[in-house]
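Trainee: Chains A and B, in that order, give the protein sequences. Residue numbering for the first sequence follows this note's numbering, starting at 2 and increasing by one per position. Residue numbering for the second sequence follows this note's numbering, starting at 4 and increasing by one per position. Even glycine gets a Cβ: it sits at the ideal position worked out from N, Cα and C.
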Amino acid sequence: MRTVRNFTKGIIRENPVLVLVLGTCPTLATSTSVINALGMGAAATIVLVLSNIVISALRKVIPDKVRIPCYIVLIAGLVTAVQMLVKAYAPTLDESLGIYLPLIVVNCIILGRAEMFASKNKVFASAVDGFGMGTGFTLALFLMAAIREVFGNGTFCGIEIPVLAENKISILTMAPGGFMVFGLLIAVVNKIGRHKPQKTDFGCQGCPQAEVCSKIICSDEKEAEGVD
Amino acid sequence: MTKLIIILLSAVFINNYVLSKFLGICPFLGVSKKLNNAVGMSIAVIFVMLIATAATWPIQHYLLDPHDLGYLQTIVFILVIAALVQLVEIVLKRYIPSLHRSLGVYLPLITTNCAVLGVTILNNSENYTFIEAMVNSLGSGLGFLIAMVMFSGVRSAIEGNDIPESFRGLPVTLVAAAITSLSFMGFGGVIENLFA
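1. Do you know how far the Cα of residue 84 of chain B is from the Cα of residue 54 of chain A?
2. To which residues of the same chain is residue 152 of chain B closer than 8 Å at the C-beta, ignoring the five residues directly before and after it?
3. Where are the beta strand (DSSP E) runs, 3 residues long or more, that stay fully inside the region 92-125 of chain B, in chain order?
4. Is the CB of residue 133 of chain B under 8 Å away from at least one CB in chain A?
5. May I ask you to list the residues that DSSP assigns as paired with residue 156 of chain A?
6. For residue 112 of chain A, decide whether its Cβ has a neighbour in chain B, counting only Cβ atoms nearer than 8 Å.
7. Identify each residue in the region 77-92 of chain B for which the Cβ-Cβ distance to at least one residue of chain A is less than 8 Å, and report them in chain order.
8. Could you pull the start and end residues of the alpha helix (DSSP H) that residue 179 of chain B belongs to?
9. Who are the neighbours of residue 59 of chain B on chain A, taking C-beta pairs under 9 Å?
10. Among B/149, B/104 and B/120, which has the Cα closest to the Cα of residue 60 of chain B?
11. Against chain A, with Cβ distances strictly below 8 Å, would residue 201 of chain B count as a contact?
12. Assess contact between the region 9-18 of chain B and the region 133-150 of chain B, defined as three or more Cβ pairs (one per stretch) separated by less than 8 Å. Is contact present?
13. In whole angstroms, what is the alpha-carbon distance linking residue 180 of chain B and residue 177 of chain A?
14. Considering residue 95 of chain A, what are the terminal residues of the alpha helix (DSSP H) in which it resides?
15. Using beta carbons (cut-off 8 Å, strictly below), is residue 25 of chain A in contact with chain B?
16. Under a CB-based cut-off of 8 Å, is residue 192 of chain A close to chain B?
17. How would you label residue 66 of chain B, buried or exposed, when you count the other beta carbons within 10 angstroms and need 16 or more for buried?
18. Using three-state DSSP, classify residue 128 of chain B as helix, strand or coil.
19. Give me the subset of the region 11-41 of chain A whose CB atoms are less than 7 Å from a CB atom of chain B, sorted by chain position.
20. Mapping the DSSP letters down to three states, classify residue 70 of chain A as helix, strand or coil.
21. So residue 56 of chain A and residue 119 of chain A are supposed to be a Cβ contact under 8 Å. How far apart are they, rounded?
22. Give, in chain order, every residue of the region 138-149 of chain A whose Cβ lies closer than 9 Å to some Cβ of chain B.
23. Any contact of the region 122-131 of chain A with the region 29-45 of chain A, i.e. 3+ C-beta pairs under 8 Å?
24. If we cut at 8 Å on Cβ distances, does residue 93 of chain A have a partner in chain B?
25. Is there contact between the region 152-161 of chain B and the region 136-155 of chain A, where contact requires at least three CB pairs shorter than 8 Å?
26. For residue 178 of chain B, go through chain A and note every residue whose CB falls closer than 8 Å to its CB, in chain order.
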């Protein structure tokens, strides 16, 4: 039962992209087409599952003080392995993902899960958590990419859709469309989800930088209150 | 010289890291609420981008490439950047405490900022010379600064408006970012024609 919950929380309740708002950079950049989105999602999921397994297995060995650098080295190693596999077996995907493939290293979701879950839980639970989060990430990417590709390019996975292909809204596949679709999707999730819109407008829970970041944002709010 | 100017201007305006390449979105959305924070963060980013490029370019060209170790790029670069940021923080704290007080809080945020790792990897994949790489890093950092400053202005205009409940917070910020990014698309093609 707990296993199922560990898996499903990543997909809906704690969806890393639409609810926790982590990993925004790859989400916006690679959701221009469905194929790219699925490729990015798969690559990130593999890295996420493996990094959760390795970090969870080593959680008693890694000293607490240098844990973040250790995690980064482990994750970078895994990303390099995935990068070489993609280069060898899917060179076209490698070309279209470009710089965003090595940038999985600095994806907040992966470091965030390592810090929040894998460093405190057993290996199997961590693997399931990583797989659930990865699936949630992939689904959110797929959803965004489907909207952007169908309406922006009139295609789905490269197959043309009759009416839409003649009436493209091509701005959707460009940068502004990414921000716009992402904003609208989060608004829809806020509307559907019964949870109240977050108080701080940028969900940093789970990001390893959250502590520092919230210091800046909190000092902001305090000053604003002072002025009021 | 013309090439350097073109690299600089297109890094600032056309290939703006935040608004057209989606690198460094986290600080763009997280720290752009107030102008002075936005400026502080951007200056720290420019600073780290420059020293990161100055460190990683020689490593790539004199260490990794001659020994056929190109595949180690990701690991080496992220380690070098993380170590550099730590080092800079220590040096600033010891010798220029006033600068450390204003930038110090932003430095740890930058270690895992994709814009910094991104610029070092792109400098390599574009085959820039050392000078070109430094100019490109400077341009990318300046582009980040401009986007942050503009966007903090946009955000202060949003505040205090009556926004539908489900759009409050992040969604309306993202829609505003879309419009800001739209305005930057107007620069497309300008730079090439400027020197044609």
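Mentor: The relevant details are as follows:
1. Using only the alpha carbons, I get a separation of about 26 Å.
2. These residues qualify, in order along the chain: 38, 41, 42 and 45.
3. For the region 92-125 of chain B, not a single whole beta strand (DSSP E) run of length 3 or above is found.
4. Cβ-Cβ to chain A under 8 Å: no for residue 133 of chain B.
5. Beta-bridge analysis with DSSP links residue 156 of chain A to A/161.
6. Judged by the 8 Å Cβ criterion, residue 112 of chain A is in contact with chain B.
7. Answer in chain order: 77, 78, 81, 82 and 85.
8. Going by DSSP, residue 179 of chain B is part of the alpha helix (DSSP H) stretching over 173-188.
9. What residue 59 of chain B touches in chain A: nothing, since even the nearest Cβ is about 13 Å away.
10. Nearest option by C-alpha distance: B/120.
11. Outside the modelled stretch of chain B, which goes from 4 to 199, sits residue 201 of chain B, for which no answer is possible.
12. Contact between the region 9-18 of chain B and the region 133-150 of chain B is present: 3 or more CB-CB pairs across the two stretches fall below 8 Å.
13. Taking the straight line from one Cα to the other gives about 7 Å.
14. For residue 95 of chain A, the enclosing alpha helix (DSSP H) begins and ends at 92-98.
15. Answer yes: the Cβ-Cβ gap between residue 25 of chain A and chain B drops below 8 Å somewhere.
16. With 8 Å as the cut-off, residue 192 of chain A counts as an interface residue toward chain B.
17. By the neighbour-count rule (16 or more Cβ atoms within 10 Å), residue 66 of chain B is not buried but exposed.
18. Helix at residue 128 of chain B.
19. Residues of the region 11-41 of chain A with a Cβ closer than 7 Å to any Cβ of chain B, in chain order: 22, 25, 26, 29 and 30.
20. Three-state DSSP puts residue 70 of chain A in a helix.
21. With a Cβ gap of about 4 Å, residue 56 of chain A and residue 119 of chain A count as contacting.
22. Listed by position, the residues of the region 138-149 of chain A near chain B (Cβ gap below 9 Å) amount to none.
23. Inter-segment contact for the region 122-131 of chain A and the region 29-45 of chain A is absent: fewer than three beta-carbon pairs are separated by less than 8 Å.
24. Interface with chain B (8 Å Cβ-Cβ cutoff): residue 93 of chain A is excluded.
25. Fewer than three beta-carbon pairs drawn from the region 152-161 of chain B and the region 136-155 of chain A are found closer than 8 Å, and the two stretches are therefore not classed as touching.
26. Per Cβ cutoff of 8 Å: 180, 181, 184 and 185.
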